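Asker:
Numbering (our numbering), first residue to last: -2 to 115.
Printed below as a string of structure tokens:
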């Protein structure tokens, strides 16, 4: 049984972070990658991703993929710099979110957990 769609199977695999590490090392760019600078870069690239959808819900797929790649690359770099396992933190956060948003009160409901009247 396939757990992930084909396009998502390698999102957090070791080859991605290895390729990013190699790319950065070849250029000696690690010296510029403090956690703060990487966090800023994530925000900047996320803004560029959002810009793809500024005037339409139907953005150019190639441009979206390029900007998404930039966001994910900086996220991987930040995780690597902080020695955080991206898959582990995503799964841990998902578990926290499950507790805040139980299915019986959240299904089909977009209210924030702290604004619900249950």
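Note that the Cβ used here is the ideal one computed from N, Cα and C, for glycine as well.
The structure displayed is predicted, hence computed values, not measured ones.
Take residue 67 and list the residues in its own chain whose beta-carbon comes closer than 6 Å to its own, dropping the five residues that flank it on each side.
Answerer: Within the chain shown, residue 67 is the residue found at index 70, counting from 1. Counting only Cβ-Cβ distances below 6 Å, and skipping sequence neighbours, we find 42.
Asker: CB-CB under 8 Å to residue 96, same chain, minus the five flanking residues each way: which ones, in chain order?
Answerer: Looking up residue 96 in the chain shown gives position 99. Contacts found: none.
Asker: Could you check if residue 47 is buried or exposed, using at least 16 other CB atoms within 10 Å of its CB as the buried criterion?
Answerer: Residue mapping note: residue 47 aligns to position 50 of the chain shown, counting from 1. Residue 47 is exposed by the Cβ-count criterion.
Asker: Are the CB atoms of residue 73 and residue 13 nearer to each other than 8 Å?
Answerer: Counting from one through the chain shown, the residue named residue 73 turns up at place 76. Counting from one through the chain shown, the residue named residue 13 turns up at place 16. Yes. Within cutoff.
Asker: Is it the case that the Cβ atoms of residue 39 and residue 91 are separated by a distance below 8 Å?
Answerer: Within the chain shown, the letter at position 42 stands for residue 39. Within the chain shown, the letter at position 94 stands for residue 91. In this structure, residue 91 does not lie closer than 8 Å to residue 39 by Cβ.
Asker: Taking only the alpha-carbon atoms, compute the straight-line gap between residue 45 and residue 64 and give it to the nearest angstrom.
Answerer: Taking the first residue of the chain shown as position 1, residue 45 is located at position 48. Taking the first residue of the chain shown as position 1, residue 64 is located at position 67. Going by the C-alpha atoms only, they are around 6 Å apart.
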